[in-house]
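Numbering (this note's numbering), first residue to last: 424 to 642.
Given below as structure tokens:
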């Protein structure tokens, strides 16, 4: 019943504002979206720009900001802030837990001028870093962490025992997760980075693309 009252109140406010306006306006409106029951919502905003920009895509695969850095695995607590190039931002929202975030990141493949993969083209593997912070309503404290995804290998936050998949509601009362927007960072794997930087190979020059699929599931 509360949901219905809220919807009516919003619509009434819109009508009231429209009726009391002192200037001529052709139209005024807004779309309202609501959920009744369990839901998940994940938002990914890619960052587009130019090669000269400090963040975003496209980017130079030979640049220092995407070069493999072994420190990411020895100092992983700072990985979400200090390693890799920011190429997007993301957030996740759910009104119940636990959740499972499943990420499939394809390897980078060389493509032609039309964006079609080149049959004999080179592939490069990479890591994606996805940090997060959410409020734990049971512990009454923020939980921070991050996921490290390697291309070519399906990642499951639940299987990995990642904190974002924990049940923050052991008593069976609906409790969810809402994160802010945080950067998705890109870094080449050691093998890919070594191949790019070890010696000049003209066959490696070109444009590379990859698809990344992120799915949120709940039990």
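Virtual Cβ for every residue (Gly too), placed ideally from N, Cα, C.
1) Taking only three categories from DSSP, how would you classify residue 618?
2) Using DSSP bridges, identify the partner residues of residue 573.
3) With distances taken Cα to Cα, identify the nearest neighbour of residue 574 among 639, 509, 615, 452.
4) Does the region 484-493 come close enough to the region 610-629 that 3 or more CB-CB pairs lie under 8 Å?
5) Compare the beta carbon distance of residue 476 and residue 633 with 8 Å and say whether it is the shorter of the two.
6) Skipping 5 residues on each side, what residues in its chain have a beta carbon closer than 6 Å to that of residue 611?
7) Using only alpha-carbon positions, find the residue among 514, 569, 546 that is nearest to residue 495.
8) Taking Cβ to Cβ, would you say residue 608 is nearer than 8 Å to residue 508?
9) Could you please give me the residues that DSSP links to residue 559 through a beta bridge?
10) Going by beta-carbon coordinates alone, are residue 533 and residue 541 separated by less than 8 Å?
11) Please report how far the alpha carbon of residue 622 lies from the alpha carbon of residue 457, in whole angstroms.
12) Does residue 601 pass the burial test, meaning 16 or more other C-beta atoms within 10 Å, or should it be called exposed?
13) Exposed or buried, what is residue 502 when buried is set at 16 or more other beta-carbons lying within 10 Å of its beta-carbon?
14) Who are residue 528's beta bridge partners in DSSP?
15) Checking 8 Å against the spacing of the C-beta atoms, do residue 561 and residue 639 come in under that value?
Per the coordinate set shown:
1) Position 195 of the chain shown, counted from the start, is the residue given in the question as residue 618. In this structure, residue 618 counts as helix in the three-state DSSP scheme.
2) As a position in the chain shown, residue 573 is number 150, starting the count at 1. DSSP output for residue 573 lists 550 as bridge partner(s).
3) The residue given as residue 574 occupies position 151 in the chain shown. Cα-wise, what sits closest to residue 574 is 615.
4) yes
5) Residue numbering aside, residue 476 sits at position 53 when the chain shown is read from its first letter. Residue numbering aside, residue 633 sits at position 210 when the chain shown is read from its first letter. Contact: no.
6) For the purposes of this step, residue 611 is identified with residue 188 of the chain shown, where counting begins at 1. 489, 491, 549.
7) The count along the chain shown starts at 1 and reaches residue 495 at position 72. Comparing Cα-Cα distances from residue 495 to each of 514, 569, 546, the minimum goes to 569.
8) Working through the chain shown from its first residue, we reach residue 608 at position 185. Working through the chain shown from its first residue, we reach residue 508 at position 85. It is a contact, given that the beta carbons lie within the stated cut-off.
9) Locating residue 559 in the chain shown gives position 136, counting from the first residue. Answer by DSSP bridge pairing, in chain order: 564.
10) Looking up residue 533 in the chain shown gives position 110. Looking up residue 541 in the chain shown gives position 118. Taking 8 Å as the Cβ cut-off, residue 533 and residue 541 qualify as a contacting pair.
11) Position 199 of the chain shown, counting from 1, holds the residue named residue 622. Position 34 of the chain shown, counting from 1, holds the residue named residue 457. When rounded, the distance between both Cα atoms is 55 Å.
12) As a working note, residue 601 is residue 178 in the chain shown. Exposed is the call here.
13) The residue labelled residue 502 in the question sits at position 79 within the chain shown. In this predicted model, residue 502 has a pLDDT of only 46, less than 50, meaning its place in the structure is not dependable enough to derive any value.
14) Position 105 of the chain shown, counted from the start, is the residue given in the question as residue 528. 635.
15) As a first step, residue 561 is located in the chain shown; it is residue number 138 there, counting from the start. As a first step, residue 639 is located in the chain shown; it is residue number 216 there, counting from the start. Their beta carbons are not under 8 Å apart, which means residue 561 does not touch residue 639 by this criterion.
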